[in-house]
Structure formats: C-alpha cells, structure tokens
Amino acid sequence: MNNSAADKILILIVLYKKSIEECVSYRTLKECIKSQNIRYKLIIYNNSSEYGLAESEDSIVVNSDHNGKLSSAYNYAWRYALAEGYQWLLLLDQDSELSEDYVGCLSNFLQRTIDDGIVALVPKLVDGSQVLSPRKISSVGWWENALQHTGIQRGRVVAFNSLTLLNVNFIQSIGGFSDKYPLDMLDHWYYNQIYLQKKKVYVLDCMINHNLSFQNYERDVDLVRHTEFLEAEKLFLKELGLRYYVGYKVKLFLRVIKQYLIFEDKRYATITLKKLVGKGL
C-alpha cells in the first residue's frame, strides 16, 4: 500500500454534457473542503466526448471516448484508489451541492477510530421535509421507508450514489461495480452487497438539500431512459428473488395508474404496463 495515500480519500466527480465551470459539485467541494483537515485527490471523469476537458493541476481529468455511464467511471476510480492505497472513495454527481456541515461531519468521522464493519458513509439527502436518501428496505417486500435516525444502520438500506463514501477494500471484495447496472439500480446493487456481506452503513448527522431528477419524471426522463430504468429494475429484482416479487408488481401497478392519470404523455404508462404484464420477473 502507498502509505502516503492511506489517510486520504479519493473523490470522483462524473460529468455528462457539462463543463467543469458549470459543475455544482466541483465548485462547492472546493469552497467547503479547504477549511477542513481532509487530504484528498480528485478525479473528474468526463462522459461526454463533445465536452473535452483540459488537463488540470489539482485533479486527474479523464475524457472518456464513449459514455460508459456510471459503472465505467466508478470502476476507473476504484482501480486507481486500490492501486494507490486509498482507503475511501467518495462518489459525487455533477449537481450535488456540498455543504460545510457535511464536509465537517465527514472530516470528524475520518479522524476517529472507525468500526471495521462500516463500509459506507452517507448524509441525509432531503427535499424540503422529505428524506430522499438513505432509505430502509422492508424485510418482507420491496418497500422503502425514509430513515429517521443517524449512526450505524441495521437491516437492508439503500442510498443514492452521490455523496456515498465507500470503503475501497469492500469494493474489491465484491469485484468492483457491476457492469450489469451501468446507470440505474447500481446504487441498489452495491448496497444490497453490503447487506448480504453483513457490513454496515453509517448515516451522518447532517442534511443536504437534493433535487431528484425523477421528481419531474416527464421533463427529465425521456422514453428511452424510462425503458432502460424498467429493465434495470427488473434485472435487480431477479437478484433479490421471489421474496420481493409481489411488492415489485404492486409498485408497477400503482405506477401505471399514476402515469395514466397524471402524465400528459401516456406512452410512459403503456411501457410500464407492458413490463407489469410481462412473463416472469
């Protein structure tokens, strides 16, 4: 292990069709982290070949020649972290607005003795009074409920990719990030691996405002992405097995009703309905 990197974290920002100047995560990271005792290295992974980024003195810039979505970027960063001896990898999307409170909580956590079982660290992401992430998954069906308390979590938990701090050795133990989920459901996949390996998720005592693109589904999710999301969801449910089958189908049914009643473009509901009545999982 490279001992000079052992007490540092590797930070990854994934860009898509944005310049670094437009990246909220980059700007707020630079503003918040300079006052904290966190040693880090930054990778900026650009998934848009038409938005070539210039080399940078303070970060590693990767201009991908194709859009490998999240899994390719995450695996690049994980392999770099593993090779250089980093213990932690922080995932950021391009629109996450970091706060001084969050970075301070992160710094305090990293400076203390950490339970070896903790492999993921997250803040609460909120939209007003609604907790969007992390969420707890029911043990009897695929139902999600907002987590209300902080600290070490018990049971099956899932959180958004962005602002998740992951243990690099744990990622190695699961073979890296699954290419079966290049974008959608990737977070569900590796949080499920945490659950299966009986590892722990720690929720920081801080909240960050977060705008979820799926909140305005018709505007932000086109029909191709909608279909891809449903396919990824179906594939993930196959991994969870029949125990979660009923809950999944009920959620699809309720989604069909909502999309027919609320969406102007009824094609969303039609595509969801086809997935609902399809054979098997």
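When the letters of the sequence shown are read in order and numbered with the UniProt record's numbering, they come out as residues 1 to 281. Glycine residues also receive a C-beta, built at the ideal position from the N, C-alpha and C atoms. Keep in mind the model is a prediction, meaning the values are calculated, not measured.
Could you check what DSSP says for residue i in three-state terms: helix, strand or coil?
i      : result
Gly85  : coil
Ile94  : The residue you asked about is not Ile; residue 94 is Gln in the sequence shown. Coil, per DSSP.
Ser133 : strand
Lys124 : strand
Ser4   : Residue placement at Ser4 is poorly supported in this model, since its pLDDT is 46, which falls under 50; the coordinates are not used for a value here.
Arg112 : coil
Asp220 : helix
Asn145 : strand
Arg156 : strand
Tyr181 : coil
Ile60  : strand
Ser19  : coil
Tyr51  : coil
Asn75  : helix
Val140 : coil
Leu163 : coil
What are the start and end residues of the beta strand (DSSP E) that includes residue i?
i      : result
Gly151 : Gly151 to Gln153
Ile11  : Ile9 to Leu15
Asn169 : No beta strand (DSSP E) holds Asn169; the alpha helix (DSSP H) holding it covers Val168 to Ser173.
Asp65  : Segment: none, Asp65 is in no beta strand (DSSP E) and carries neither H nor E.
Lys200 : Lys200 to Asn209
Ile38  : Neither: Ile38 is in no beta strand (DSSP E) and is coded neither H nor E.
Is it the case that the Cβ atoms of residue i and residue j are separated by a distance below 8 Å?
i      : j      : result
Tyr74  : Phe236 : no
Ser64  : Tyr45  : yes
Leu125 : Leu132 : yes
Leu29  : Leu91  : no
Glu218 : Asp265 : yes
Thr227 : Ile262 : no
Val168 : Leu82  : yes
Val119 : Arg135 : no
Leu276 : Leu252 : yes
Trp78  : Ile171 : yes
Ile174 : Tyr191 : no
Lys274 : Leu183 : no
Trp142 : Tyr248 : yes
Trp88  : Leu166 : yes
Lys199 : Gln94  : no
Ile43  : Ser59  : yes
Cys206 : Pro123 : yes
Ala232 : Tyr195 : no
Tyr76  : Val62  : yes
Hey, could you find the ends of the alpha helix (DSSP H) residue i is sitting in?
i      : result
Arg255 : Tyr245 to Ile262
Cys32  : Val24 to Ile33
Lys274 : Arg267 to Val277
Asn192 : Leu186 to Leu196
Take the Cβ of residue i as the centre, count every other Cβ of all protein chains shown within 10 Å, and call the residue buried at 16 or more, exposed below.
i           : result
Asn161      : buried
Arg156      : buried
Ala269      : buried
Asn2        : The predicted model places Asn2 with a pLDDT of 44, which falls under 50 and marks its position as unreliable, so this point remains unresolved.
Tyr145      : Looking at the sequence itself, residue 145 is Asn, so the reference to Tyr does not match. Exposed is the call here.
Val246      : exposed
Ser4        : Note on Ser4: pLDDT 46, under 50, position unreliable in the model; no value is reported.
Asn211      : exposed
Asn209      : exposed
Ile152      : exposed
Ala54       : exposed
Ile257      : exposed
Asn47       : buried
Lys8        : buried
residue 283 : Past the edges of the chain, shown from 1 to 281, lies residue 283, and the structure says nothing about it.
Val140      : exposed
Gln148      : exposed
Asp179      : exposed
Ser49       : exposed
Ser56       : exposed
Gln193      : buried
How about the region 28–40 and the region 104–123: do they share at least three Cβ pairs that are nearer than 8 Å? Under the Cβ criterion (8 Å, minimum of three pairs), the region 28–40 counts as touching the region 104–123.
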